[in-house]
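Novice: Reminder that position 126 of the sequence shown reads as 126 in full-length UniProt numbering, one-by-one numbering, no gaps. Think of the CB as a built atom: it goes at the ideal place given N, C-alpha and C, for glycine as much as any other residue. Here the structure is a predicted model, which is why all the values come from computation and not from measurement.
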Amino acid sequence: MLTLMENMKQQINQLSMMMSTMMARTNTAAEPIGEMPAEISFPLASLDEVECFEDWLKNPANTLKKQHMVAMLASIGGRDTKHLIFKILAHIFSDCVAKSINWKGVNNKRKFSEMATKAILARAVRKNRVSEKATDTEINQFTIRWFNLACDRGGGRRARMHPPETDSTHAPISN
1 MLTLMENMKQ QINQLSMMMS TMMARTNTAA EPIGEMPAEI SFPLASLDEV
51 ECFEDWLKNP ANTLKKQHMV AMLASIGGRD TKHLIFKILA HIFSDCVAKS
101 INWKGVNNKR KFSEMATKAI LARAVRKNRV SEKATDTEIN QFTIRWFNLA
151 CDRGGGRRAR MHPPETDSTH APISN
């Protein structure tokens with residue numbers, strides 16, 4: 001067991017050195033990846049948690065923690081702007097909660113366009129190299145699309161395509 005742990009430690013050190021070498025080659029300043037604040041747990045599983053998160057984001061005392069959160073969210077990564085946004089939103093919101101939010105707040109849903117989370121999302125997207133030049137319009141369009149597709153996730157589309165069959169044993173008999 002001890003040898004296994006020593007091997008793992010060696011591998012971690014090697015990976016760390018390789019990472020440092022790659023960072024030096026690309027001439028980028030090594031910025032530490034932020035950590036999530038202890039009081040925040042993703043994905044947000046209820047609208048009450050969303051409200052608490054929004055209040056937390058609006059509190060000026062959490063400025064430094066928000067910067068760490070943005071760095072952590074940006075590190076999630078994606079192959080392009082769309083996939084990055086989709087992955088960040090999926091990390092922040094559970095599918096159940098995402099169904100209760102849309103861009104404009106229609107149909108008694110939460111209005112994302114006025115949430116503080118919108119600004120955090122934009123900062124995280126632009127902090128990632130893949131999408132550092134993303135426009136507000138582009139970010140907004142992909143965000144709108146992600147929330148529009150929320151009802152299809154988790155088997156929602158499949159459930160709508162195949163409605164539950166009625167029990168034939170209780171069906172009325174016609175003569």
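Quick one: give me the first and last residue of the alpha helix (DSSP H) that C52 is part of.
Specialist: To locate residue 52, count along the sequence shown from 1; it is residue 52. Element bounds for C52: 47-58.
Novice: Let me know the secondary structure DSSP gives F142 once reduced to three states.
Specialist: Translated into positions along the sequence shown, residue 142 becomes position 142. Three-state result, F142: helix.
Novice: Quick one: is S131 buried, meaning 16 or more other Cβ sit within 10 Å of its Cβ, or exposed?
Specialist: As a working note, residue 131 is residue 131 in the sequence shown. Buried, because 16 or more other Cβ atoms sit within 10 Å of the Cβ of S131.
Novice: Rounded to the nearest angstrom, how far is the Cβ of E39 from that of W56, given a contact under 8 Å?
Specialist: In the sequence shown, counting from the first residue as 1, residue 39 sits at position 39. In the sequence shown, counting from the first residue as 1, residue 56 sits at position 56. Correct: roughly 7 Å between the Cβ atoms.
Novice: Looking at L84 and W146, is the spacing between their C-beta atoms short of 8 Å?
Specialist: One-based indexing of the sequence shown puts residue 146 at position 146. One-based indexing of the sequence shown puts residue 84 at position 84. No, they are not a contact pair.
Novice: Does the pairing of the region 73-87 with the region 4-21 give three or more beta-carbon distances under 8 Å?
Specialist: no
Novice: What do you get for M161, buried or exposed, if any count of 16 or more other CB atoms within 10 angstroms of its CB means buried?
Specialist: Here residue 161 corresponds to residue number 161 of the sequence shown, with the count starting at 1. Exposed: under 16 other Cβ atoms inside 10 Å.
Novice: Just to check my reading of the structure: K127 and A71 have Cβ atoms closer than 8 Å, yes? What is that Cβ distance to the nearest angstrom?
Specialist: Taking the sequence shown and counting its residues from 1, one reaches residue 127 at position 127. Taking the sequence shown and counting its residues from 1, one reaches residue 71 at position 71. Sure, about 7 Å apart at Cβ, within 8 Å.
Novice: Taking the alpha carbon of K87 as the point to measure from, which residue in I12, T143, L2 has its own alpha carbon closest?
Specialist: Sequence index remark: in the sequence shown, residue 87 carries index 87 (1-based). For K87, the nearest C-alpha among the options comes from T143.
Novice: Can you list the alpha helix (DSSP H) stretches of 4 or more residues lying completely in the region 56-131, in chain order?
Specialist: 63-74, 81-92, 95-98, 116-127
Novice: V50 to N13, Cα distance in whole Å?
Specialist: To locate residue 50, count along the sequence shown from 1; it is residue 50. To locate residue 13, count along the sequence shown from 1; it is residue 13. Using only the alpha carbons, I get a separation of about 39 Å.
Novice: As a quick exercise: from A98, K118, L64, S100, pick the residue whose alpha carbon is nearest that of E138.
Specialist: Sequence index remark: in the sequence shown, residue 138 carries index 138 (1-based). Closest by C-alpha distance to E138, out of A98, K118, L64, S100, is K118.
Novice: To the nearest whole angstrom, what separates the beta carbons of A150 and D95, a pair I think is in contact under 8 Å?
Specialist: As a first step, residue 150 must be located in the sequence shown, where it is residue number 150. As a first step, residue 95 must be located in the sequence shown, where it is residue number 95. Between D95 and A150 the Cβ distance is about 6 Å, and since that is below 8 Å, they are a contact.
Novice: Is the separation between the beta-carbon of A116 and that of K65 shorter than 8 Å?
Specialist: As a working note, residue 116 is residue 116 in the sequence shown. As a working note, residue 65 is residue 65 in the sequence shown. Not closer than 8 Å, so no.
Novice: Taking Cβ positions, are F112 and N102 nearer each other than 8 Å?
Specialist: Indexing the sequence shown from 1 puts residue 112 at position 112. Indexing the sequence shown from 1 puts residue 102 at position 102. Cβ distance < 8 Å, so F112 and N102 count as in contact.
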